[in-house]
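Participant: Protein chains in written order, with my numbering: chain A, 5 to 199; chain L, 5 to 199. Note that CB positions come from ideal geometry on N, CA and C, so glycine has one too.
Number of protein chains: 2
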Amino acid sequence: MDSFTDRTKRRLRDELLDAAYEAIVAGGYDGLRMADVGRRTGVSRQTVYNEFGDKWGVLQATVVRETERFLVEVNDALAAHTDPIDGLRAAVECALRMAADNPLVKAALGQPGSDQASQLLTTRGQQVLELSHQRLDAHVREHWPEVPAEDATTCVDVALRVVLSHIVNPGAAPAVVADQVARVLGPFLSARRST
Amino acid sequence: MDSFTDRTKRRLRDELLDAAYEAIVAGGYDGLRMADVGRRTGVSRQTVYNEFGDKWGVLQATVVRETERFLVEVNDALAAHTDPIDGLRAAVECALRMAADNPLVKAALGQPGSDQASQLLTTRGQQVLELSHQRLDAHVREHWPEVPAEDATTCVDVALRVVLSHIVNPGAAPAVVADQVARVLGPFLSARRST
DNA sequence: CCCAGATGTCCGGGCTCTTGACATCTGGGC
DNA sequence: GCCCAGATGTCAAGAGCCCGGACATCTGGG
Numbered sequence: 005m006d007s008f009t010d011r012t013k014r015r016l017r018d019e020l021l022d023a024a025y026e027a028i029v030a031g032g033y034d035g036l037r038m039a040d041v042g043r044r045t046g047v048s049r050q051t052v053y054n055e056f057g058d059k060w061g062v063l064q065a066t067v068v069r070e071t072e073r074f075l076v077e078v079n080d081a082l083a084a085h086t087d088p089i090d091g092l093r094a095a096v097e098c099a100l101r102m103a104a105d106n107p108l109v110k111a112a113l114g115q116p117g118s119d120q121a122s123q124l125l126t127t128r129g130q131q132v133l134e135l136s137h138q139r140l141d142a143h144v145r146e147h148w149p150e151v152p153a154e155d156a157t158t159c160v161d162v163a164l165r166v167v168l169s170h171i172v173n174p175g176a177a178p179a180v181v182a183d184q185v186a187r188v189l190g191p192f193l194s195a196r197r198s199t
Numbered sequence: 005m006d007s008f009t010d011r012t013k014r015r016l017r018d019e020l021l022d023a024a025y026e027a028i029v030a031g032g033y034d035g036l037r038m039a040d041v042g043r044r045t046g047v048s049r050q051t052v053y054n055e056f057g058d059k060w061g062v063l064q065a066t067v068v069r070e071t072e073r074f075l076v077e078v079n080d081a082l083a084a085h086t087d088p089i090d091g092l093r094a095a096v097e098c099a100l101r102m103a104a105d106n107p108l109v110k111a112a113l114g115q116p117g118s119d120q121a122s123q124l125l126t127t128r129g130q131q132v133l134e135l136s137h138q139r140l141d142a143h144v145r146e147h148w149p150e151v152p153a154e155d156a157t158t159c160v161d162v163a164l165r166v167v168l169s170h171i172v173n174p175g176a177a178p179a180v181v182a183d184q185v186a187r188v189l190g191p192f193l194s195a196r197r198s199t
């Protein structure tokens, strides 16, 4: 289960994703070269295909890994407050701040609609959305005991979509948006609170 | 040349040696179990044999790696002084101090003659001796420009054997031995000095 | 129009880890 | 003294994965 072979496999995937990440940050999806990813990792081009299927698979895997890392931070912000609304506000602000600085996000959204990678946050955003929803939902259901699970899910869904929208199409500053979300969802949560 | 496969191979060897090192430190050569080395690394027993040949090969490789690390420190001590004699004194003291604290040395020499690993420093000390000689000699010929190469080699050989003897069979304190070596070899070097 | 470069696919070859089996030796218990 | 458990060392078959080369296809630029 934790054999050397398994660890090697994980390491290979991870290093390939490191190479892909750098390439995408440097030149976007179009600038990504399958041969480069392999060469930088010291592996043949075929191995890249074996691991990810095709070029789109490389992008997806890269974004998934980045999203996972992203969510760890956001969840930490959520957990730093006992009151759900405070946690929500902190998480929203954290997410927006981090997104604004994230090299991968910047590369994908460099010029509006120019890079195909941006589709992973828009027309093909299903995966990122579901992944984020799952991680946040699990976290919230555990840390918001006084909020009915279904209502917590609703909150996460709304906040998540608002945040994603602001990442793709920035509006007000992070703190302002965070406050806005908190003010909008606060009454809902208060009304639904079981205790 | 630096392919992922190559790195993986080096990593495997290194992790196997880590496991062997710990096992030897914990139970000496007799307490070393080929199956354990494999299991701790997450690899089959056969793989251990493929890498090292036999149990004695595992011990040898472990000692060689440790010796290499050891010599890096000793060479640094040598290089820290411009005067050959000062360097020699520092190196001898450094070597003796480190040897006294070294877990592998302590495991090998735990009870006099009890563990077969001790043979690598005594009756079968050829390898360690040659390896050390080679590393130190190369270093000395480069950093002692005013000493004829052959005389530098002689110095290294004498000092090395004295040090090894003191490691196996401790006499005076490191600083004392270092001073002794310096006093004995000083006149020789002065007489032979070309400048 | 053509070609260079990139994607995606296929396959044979080779290396290495795995698994299971087996022979041999040794030390301890009965 | 005998036997067995445990350890070393060897062998072969099997599987997985990376490599290297070849090939078809598509696209953008000269």
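May I ask you to report which of helix, strand or coil DSSP gives A/H85?
Facilitator: In this structure, A/H85 counts as coil in the three-state DSSP scheme.
Participant: Would you mind stating whether A/R4 and A/A153 have Cβ atoms separated by less than 8 Å?
Facilitator: Beyond the ends of chain A as shown, which are 5 and 199, falls residue 4 of chain A; an answer cannot be given.
Participant: Residue ranges of each alpha helix (DSSP H) run of no fewer than 4 residues wholly in the stretch 83 to 155 of chain A, ordered along the chain?
Facilitator: 88 to 105, 107 to 112 and 130 to 147, all fully within the stretch 83 to 155 of chain A.
Participant: What residue does the alpha helix (DSSP H) around A/V52 start on, and which one ends it?
Facilitator: Note, A/V52: alpha helix (DSSP H), R49 to F56.
Participant: Is it the case that the Cβ atoms of A/L82 and A/A103 are separated by a distance below 8 Å?
Facilitator: No, they are not a contact pair.
Participant: Can you find at least 3 beta carbon pairs, one from the stretch 51 to 66 of chain A and one from the stretch 162 to 178 of chain A, that sit closer than 8 Å?
Facilitator: Contact between the stretch 51 to 66 of chain A and the stretch 162 to 178 of chain A is absent, because fewer than three Cβ pairs lie under 8 Å.
Participant: Quick check: is the beta carbon of L/L16 nearer than 8 Å to any beta carbon in chain A?
Facilitator: Yes, contact with chain A.
Participant: Sort L/S136, L/G129 and L/K13 by Cα distance to L/E72 and report the nearest one.
Facilitator: Closest option to L/E72, Cα to Cα, is L/S136.
Participant: The stretch 46 to 68 of chain L: which residues have C-beta closer than 7 Å to a C-beta of chain A, in chain order?
Facilitator: For the stretch 46 to 68 of chain L, which is checked against every Cβ of chain A, the residues closer than 7 Å are G46 and V47.
Participant: I want to verify the contact list: residues of chain A whose CB lies under 9 Å from the CB of L/D6, in sequence order.
Facilitator: Those are G46, listed as they occur along chain A.
Participant: Do L/L108 and L/E70 count as a contact pair if the criterion is CB distance below 8 Å?
Facilitator: In this structure, L/L108 lies closer than 8 Å to L/E70 by Cβ.
Participant: For chain L, is any of its Cβ atoms less than 8 Å away from the one on A/T12?
Facilitator: Judged by the 8 Å Cβ criterion, A/T12 is in contact with chain L.
Participant: Touching or not, the stretch 38 to 50 of chain A and the stretch 84 to 92 of chain A, by the rule of three or more beta carbon pairs under 8 Å?
Facilitator: No, the stretch 38 to 50 of chain A does not touch the stretch 84 to 92 of chain A.
Participant: Sort L/T51, L/A84, L/V78 and L/Q131 by Cα distance to A/S7 and report the nearest one.
Facilitator: Out of L/T51, L/A84, L/V78 and L/Q131, L/T51 has the C-alpha closest to the C-alpha of A/S7.
Participant: If you compare alpha carbons, which of A/L168, A/P149 and A/P178 is closest to A/L133?
Facilitator: Selected option, being the one with the closest Cα: A/L168.
Participant: Between L/E19 and chain A, is the shortest Cβ-Cβ distance under 8 Å, so that the two count as touching?
Facilitator: Closer than 8 Å: yes.
Participant: Does DSSP put A/L164 in a helix, a strand or coil?
Facilitator: Looking at A/L164 - three-state DSSP - the assignment turns out to be helix.
Participant: With a Cβ-Cβ cutoff of 8 Å, do L/P3 and L/E77 count as a contact?
Facilitator: Only positions 5 to 199 of chain L appear in this structure, which leaves residue 3 of chain L out of reach.
Participant: Helix or strand or just coil, what does DSSP make of A/N79?
Facilitator: Here A/N79 sits in helix by DSSP.
Participant: Here's the rule I'm using: 16 or more other beta-carbon atoms within 10 Å means buried, otherwise exposed. How should A/V185 be labelled?
Facilitator: A/V185 comes out buried.
Participant: What first and last residue would you give for the alpha helix (DSSP H) that runs through A/D18?
Facilitator: Looking at the DSSP string, the run of the alpha helix (DSSP H) that includes A/D18 is F8 to G35.
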